[in-house]
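In this note's numbering, the protein residues as written are 58 to 195.
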């Protein structure tokens with residue numbers, strides 16, 4: 058397989074591992090957006106979060122929680138947690154991973170809404186009631 062994360066998991070590529078659990082690892086990102094940028098990577102090669110089972114998801118996000126806490130404490134920063142779930146969502150490597158990126162007040166990186174122009178409620182044809190009916194449970 059030509060997946061960089063699978064190669065890291067198998068030891069074929071080096072990484073700076075922070076922790077390992079049953080279903081995932083946490084590493085420092087090789088191309089960090091900020092000092093301390095970490096990745097929590099599923100051990101299962103799946104492109105999307107919804108392809109993981111509940112035990113894998115639970116373990117992944119428990120590791121995200123621990124990793125974010127450690128980074129925030131060590132760097133005196135808030136942690137931005139992002140998941141790119143598919144190529145249209147910005148996912149470059151089709152393998153489930155979560156970014157934990159330290160943020161500080163003066164880093165000038167901006168806020169997630171700044172990435173988009175306007176908002177969905179202003180988009181033509183947006184119908185919140187129809188969308189709610191389609192997505193809600195039961």
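Glycine included, each C-beta is placed from N, C-alpha and C at the ideal position.
What distance in whole Å lies between the Cβ atoms of residue j and residue i, which are believed to be in contact at a cut-off of 8 Å?
i: residue 124; j: residue 153; result: That pair is no contact at about 15 Å.
i: residue 138; j: residue 93; result: 13 Å between Cβ atoms; not a contact.
i: residue 105; j: residue 143; result: 6 Å
With DSSP as the reference, please indicate the residues paired to residue i in a beta bridge.
i: residue 156; result: 96 and 139
i: residue 74; result: 84
Which class does residue i belong to by DSSP, given the choice of helix, strand or coil?
i: residue 117; result: helix
i: residue 87; result: coil
i: residue 79; result: coil
Which same chain residues end up closer than 6 Å to residue i when comparing Cβ atoms and leaving out the 5 residues on each side of it in sequence?
i: residue 65; result: 72
Using a Cβ-Cβ cutoff of less than 7 Å, which residues in the same chain neighbour residue i once the five nearest sequence positions on both sides are dropped?
i: residue 79; result: 116
i: residue 148; result: 141 and 142
i: residue 70; result: 61 and 64
Enumerate in chain order the residues of its own chain whose CB-to-CB distance from residue i is below 8 Å, with the five nearest sequence positions on each side excluded.
i: residue 76; result: 82, 83, 120, 123 and 124
i: residue 102; result: 58, 60, 62, 63 and 152
When you compare the CB positions of residue i and residue j, do they come within less than 7 Å of one another, or not?
i: residue 159; j: residue 91; result: yes
i: residue 140; j: residue 97; result: no
i: residue 95; j: residue 85; result: yes
i: residue 134; j: residue 161; result: yes
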